[in-house]
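Chains A and B, in that order, give the protein sequences. For the first sequence, my numbering assigns the number 997 to the initial residue and increments by one for each residue that follows. For the second sequence, my numbering assigns the number 63 to the initial residue and increments by one for each residue that follows.
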Amino acid sequence: MLLTITTTRHPADDLGFLLHKHPARMQSFEQSFGTAHVFYPEAGPERCTAALMLDVDPVRLVRTRGRNTPDFSLGQYVNDRPYAASSLLASAMANVFRTAMRGRCDSRPDLADTEIPLTVTLPALPCRGGPAQAERFFAPLGWRVDARAVPLDEAFPSWGDSRYVSLTLTGELRLADALNQLYVLLPVLDESKHYWLAPDEVDKLIRAGGGWLAAHPERGAITRRYLSNKRGLVRAALGRLAGVDQAPDEALSQPEIDDEGPDAAGTADTAETAGAAPEPRTPLAELRVRAVLAALHEEGASSVIDLGCGSGRLLARLADDAAFTEVSGADVSYRAVEIARRRTAGARRVREVFQGALTYADARFGDHDAAVLMEVVEHIDPPRLGAVARVVFGGARPRVVVVTTPNAEYNVHYEGLAPGAMRHPDHRFEWTRAEFGAWADGVCAAHGYRVRYVPVGDADPAAGAPTQMGVFVR
Amino acid sequence: MTRELRIPATGLVVLVGVSGSGKSHFARRHFLPSQVISSDYCRAVVSDDENDQSATGDAFALLHHIVGIRLRRGLLTVVDATNVQPRSRESLLHVAKEHDVLSAAIVLDVPPEVAAERNRTRPDRDFGDHVVPRQHRELRRGMRSLHREFKRVHVLAGDDIDTAVLVRERPWNDRRDLTGPFDVIGDVHGCRAELEDLLGDLGYEIEHDAEGRAAGAHHPGGRTAVFVGDLVDRGPDTPGVLRLAMGMVAAGDALCVSGNHEAKLLKALAGRKVRVAHGLAESLEQLAAEDAAFRDAARAFMDGLISHYVLDGGRLVVAHAGLKESYHGRTSGRVRSFALYGDTTGETDEYGLPVRYPWAREYRGAAMVVYGHTPVPDTEWINNTLCLDTGVVFGGKLSALRYPEREIVAVPARRQWYEPTRPLAAAPDARDIDDLKIDDVLDAGGVETALLGRVTVREENALAALEVMSRFAIDPRWLAYLPPTMAPAATSKEEGYLEHPAEALAAYRDAGVRRVICEEKHMGSRAITVVCRDAATAESAFGVRDGSTGALYTRTGRAFFRDPARTAAVLDRVRDAVGAAGLWDELDTGWLVLDGELLPWSVKAMDLIRGQYAATGAAARAALPAASEALARAAARGVDVGGLGERTERRAANAGLFRDAYARYCWDVDGLDGIALAPFQVLAGNGHAWATERDHVWHMEVAERLAAADASGLIRPTAWRTADLDSPDSEKAVTEWWEKCTAEGGEGMVVKPLGPLPDDRRVQPGLKCRGREYLRIIYGPDYTEPAHLDRLRARSLGRKRSLATREHALGVEALHRLVGGEPLWRRHQAVFAVLALESEPVDPRL
């Protein structure tokens, strides 16, 4: 909500000309979400400070938001937007200092083009990644960065730091550059925007980033974060950056971020996607899909149901495979089912994709030759596994059931995964090979199946493969 | 002499006769209009013309559809069509067979001239002179096959048509007129001594014949024994068991259905070729030692046994191997086969025994089904069904169910009389499991409640609940209840307040309530505690077999603690307190469900506090003082900053108050140290839904006793007051109490009615009055600014109130289903519905 800009270049109160705001008065500007005020706490020839204060009206803020903004409900009145230096402040800057940001100053044209000593303060800057991140983004631009984490609550030291930093930047820069950098980097550090992304966001970024972003070592990260990881926009922006500024194209080859989010089928195993120790040439998720398809081929499965199909990655492959007469998918997540339906829309072999839960017996699960539970069981609380086994093996009783699940023994090979930690925050457990075997044996005895095990992924002599697969046949 | 025509009371009656034979007239005289489905009527429905022959195909499709639905629903159905062709009768018989009902044909044999003459007098029947004679020829030709087609065929001619009297016969299995009380007795298998023991324990007086043998038993209290079959084979005294049971049945002291062993023994006695195994040899040998008269009597007895009984107005069904709902009261070969042998999957297990289809697991019927056939180590309710075969002949026990008391009485085997093929406890599917079906929660449409009638659950809400329930909720066996939401009192008009006791008290006074209780509202996280005395109680009362002795879960059904050991530690403390307070005995229960609040808030809500409340506070406290200072410096320079300076200063102060508001409900805990549980309602225990049987004063007093009895310091009492709504002083006293509590940082209070509730369904089960400072957490640091407060006063409470009422009805329903011993799926429906309603869009700040 507050940004101050100080200069000590004599006569310092020329800052008023640069900003096109008179130091003797407070000026107010209506914004869609509140009022922006510009005033000068000090304005002398030695030192002049301009303050931009954004007085956010929470009710008006609510009205400018889409109904589907994630924090629509509870966060409506209790949120940091009235206090933090976020994208709201960036918008206000663009509005209030429009001319200054373009570097135009008719009364002091030389000054606008001159690098002047500047100090910028932001008392509450939301900053994912903490002070180090602020340092990473601002230092390459020539700023001396003093970023201090704001504690969450002094009375509860155990809670640690908040995501805000109190930021002071000092350096000699053109004022317009400083303003443009703040305009881009405030929402980038915050990583949340108050309005929906539109294609013209790319134009805004290109405009405000002109002259400094293309050479910034973190331009890839800045671009992705500014555009909130919307892949299409990111690609367009990086492409244009590369074209306009003749920057190396390497930013384009950054790994794509999975926009599917974690789902019940666990397609986004964070540890697996984020830096597995020996970087496999084919991602594990793909190896898994291939292993499942191979097992189904080997068993001569005709119709297949993907139980816990998630957003339909495997389902789409099953639907493309002429070996199968008919495929179905089920997932507990309504959203996942919607995505899977879209992904497989028009596929001839898809019988149905529906919402269902493995803890509830369901006639729709039956009537398939084979069922796949790929990376599903580890998302189920252990006390509920019995019910799942009864529903799948006892109730639906397909001839073939393929189950894959992480091999916990392999976790030692994931750097950055603490000992005993799991690969995904929603995993309720991860089994060793022996534990998986014990569960599988119980299932076989109770429901009359035989099982064989297939390792998936590059197997380690001691720890085994990253994924274990059981192929159950009745 | 009048002819008496016997027809099945609930089956299919097909009238047969040429056009003009008087079928419709006959039907009108003997049946309700709704019972008669005529082809003319169906033709009219599909074509607006009951003589439009081109509509015949569709008309009969409709007729068959209606007949099918009526038969499925167990209704007597009369088909009024010519039915002279075997083909048309065949399709009707097929429908009857599909629904396992009996059928009868009544032929009206009228001379074709008479019929033709009648048709001539009816202007709408101008279908030509050749039709009736043709129909008559077809009828004649098919007459002989009629007797093969139908169980009963009545051919009426002449005066008989007008004078015949219909006698409706109920199926033999229909003994809904018998209301008991009953003692249903499991598979005896020739264990006469144990049977005598059991009958003795059940209070029967055994009668002996001249030779001192037990030959009958009578209950002085007028109870009736019901044998589930398999009296014979394997055991030491099959003739003795038969003699006793035959005597009881003959004297009206018992009913008996046939078991598969009776059926096989009967075949053997009739000299038919059967494989002598599974203990048949013993029976044959023992019976050979009896005299021929007894053998004949035993044969006649077993031959007369029917396969199942429907008793007590349809509320109790007894069949040897159980019976699925669509077969109750039905008669057919496959019904008998199911009742005697069960439904098998066609597979066999590792011991060579048939794998039985788990029909009980899927049973959703309202009638209690009691059966035997498959030996189990212990009786166990599965979806309102009970297997009573506890393997007495294999050294287990002989069990009986007292009905309607639902009590099990069992006597141990005197010894193992027969080696089991499969170890009694080893069969994995011998212990059936009452898993839930997706149809139990989706497509259910809603839940019938005692308080509000049907509470509708919309599909999108059910789908949302399905995801939450299946991904995060604990075992549905433990999930006995989910707490309903509670509406706040009407918005206060008092300056500076959004909520105030005046409105809550006025709401109840206006509704005609005289007294209310005001309970301190704890600011923590809602926690439902299910606590059992021991693991055995957990198994018998909740069907949980993993050794756990209770559960502690949140308002969305999640385990409160991820670590089961932490849950167990809390449960230990609660259990000790319940014991020390003497509540197990006083409430005559081995388990309790408690509603309460677990403190501090930060135990469960830390992510929310960190990400939202504390974060907002931190940002505010970092930014506002800096802004305030900058404004002050500008003002000092003579810049006119208007009201902004003062306003920013006030906002800085509000930020501090906001921080204090949430911080009050946070403190560090170490293990269980620092954790407090404040129970405020004893929801249920064995046989009693205390939530509805006792008023809130009782609940508060029990909570106080629990806190006093708790040596561990876990249980925290809840402060409370009652208020007399006729007395202004009394109101003033509770208002001051609320003001004091909230000024000290309390969340506020909950006001609930005491004494008899008015009939008005809109009276809320409780109203919350939250404190002024607490509400900062909900509405933001600056909500007390007059401009904000005025805007917030426009909040609308209607949906929240409606939701609170509906969820309350569902909660009470869940408790009643729990204590009524209803099957898991019925309990779960009500609980699931609460979660589904919680996904309705309602302002979460209310």
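Ideal placement from N, C-alpha and C gives every residue a C-beta, glycine not left out. If you're wondering where the values come from, they're calculated on a predicted model, not measured in any experiment.
Please classify residue i as buried or exposed, where buried requires at least 16 neighbouring CB atoms within 10 angstroms.
| i | result |
| --- | --- |
| L899 (chain B) | buried |
| S116 (chain B) | exposed |
| P174 (chain B) | buried |
| S1082 (chain A) | buried |
| E529 (chain B) | buried |
| A1260 (chain A) | Any reading at A1260 (chain A) must be qualified, since the residue scores a pLDDT of 33, below 50, and its modelled position is unreliable; the value itself is stated next. So A1260 (chain A) ends up on the buried side. |
| R135 (chain B) | exposed |
Out of the options, which has the shortest C-alpha to C-alpha gap to residue i?
| i | options | result |
| --- | --- | --- |
| T780 (chain B) | B:D786, B:W760, B:D788 | B:W760 |
| A343 (chain B) | B:L306, B:T300, B:G274, B:G314 | B:T300 |
| R635 (chain B) | B:G733, B:Y266, B:S774, B:A795 | B:S774 |
| P1482 (chain A) | A:V1141, A:I1112, A:M997 | An answer regarding residue 1482 (chain A) cannot be provided, because it is not within the stretch 997 to 1470 covered by chain A. |
| D1316 (chain A) | A:S1299, A:V1074, A:Y1330, A:R1331 | A:S1299 |
| V80 (chain B) | B:V140, B:A350, B:K159, B:V193 | B:V193 |
| A143 (chain B) | B:A167, B:V227, B:L450 | B:A167 |
| R1345 (chain A) | A:C1044, A:R1313, A:T1400, A:A1128 | A:R1313 |
Note down the Cα distance separating residue i from residue j, rounded to an integer number of angstroms.
| i | j | result |
| --- | --- | --- |
| L654 (chain B) | V744 (chain B) | 7 Å |
| S554 (chain B) | L567 (chain B) | 12 Å |
| V1467 (chain A) | V1447 (chain A) | 5 Å |
| S1307 (chain A) | S1162 (chain A) | 41 Å |
| A1367 (chain A) | D1302 (chain A) | 6 Å |
| S369 (chain B) | K213 (chain B) | 19 Å |
| K329 (chain B) | L304 (chain B) | 16 Å |
| P7 (chain B) | L402 (chain B) | Outside the shown range of chain B (63 to 908) lies residue 7 (chain B), about which nothing can therefore be said. |
| D722 (chain B) | A694 (chain B) | 25 Å |
| T441 (chain B) | R398 (chain B) | 24 Å |
| Q1464 (chain A) | R1424 (chain A) | 17 Å |
| E200 (chain B) | R151 (chain B) | 12 Å |
| S1158 (chain A) | H1293 (chain A) | 53 Å |
| Y727 (chain B) | A1151 (chain A) | 13 Å |
| P1019 (chain A) | A1046 (chain A) | 8 Å |
| A1272 (chain A) | T754 (chain B) | Unreliable positioning characterises A1272 (chain A) in this predicted model, as indicated by a pLDDT of 44, which lies under 50. A coordinate reading is not provided. |
| G1412 (chain A) | D1365 (chain A) | 41 Å |
Counting only beta-carbon separations shorter than 9 Å, does residue i have a partner in chain A?
| i | result |
| --- | --- |
| L385 (chain B) | no |
| R464 (chain B) | no |
| E529 (chain B) | yes |
| Y389 (chain B) | no |
Below 7 Å on C-beta distance, what does residue i contact in chain B?
| i | result |
| --- | --- |
| T1115 (chain A) | Here the premise fails: no neighbours, minimum Cβ distance about 14 Å. |
| Q1027 (chain A) | Simply none; closest approach about 15 Å. |
| S1162 (chain A) | A684 |
| R1380 (chain A) | D537 |
| H1033 (chain A) | L706 |
| V1536 (chain A) | Only positions 997 to 1470 of chain A appear in the structure, and residue 1536 (chain A) is not among them; the question remains open. |
Say whether chain B places a C-beta atom closer than 9 Å to the C-beta of residue i.
| i | result |
| --- | --- |
| A1120 (chain A) | yes |
| L998 (chain A) | yes |
| L1209 (chain A) | no |
| D1045 (chain A) | First, the amino acid is wrong: residue 1045 (chain A) is Thr here, not Asp. Judged by the 9 Å Cβ criterion, T1045 (chain A) is in contact with chain B. |
| T1355 (chain A) | yes |
| W1155 (chain A) | yes |
Name the chain A residues whose beta carbon is nearer than 7 Å to that of residue i?
| i | result |
| --- | --- |
| G73 (chain B) | None at all; the shortest Cβ gap to chain A is about 30 Å. |
| I495 (chain B) | R1386 |
So which residues on chain B does residue i lean against when the C-beta distance must stay under 9 Å?
| i | result |
| --- | --- |
| M1089 (chain A) | Within chain B, no residue comes near M1089 (chain A); the closest Cβ sits about 16 Å away, beyond 9 Å. |
Cβ closer than 8 Å: which chain B residues qualify as neighbours of residue i?
| i | result |
| --- | --- |
| M1022 (chain A) | A696, V701, D702, V703, G704, L706 |
Can you pull the chain A residues whose beta carbon is under 9 Å from the beta carbon of residue i, in chain order?
| i | result |
| --- | --- |
| I444 (chain B) | Per Cβ cutoff of 9 Å: no residues; I444 (chain B) is ~13 Å from chain A at best. |
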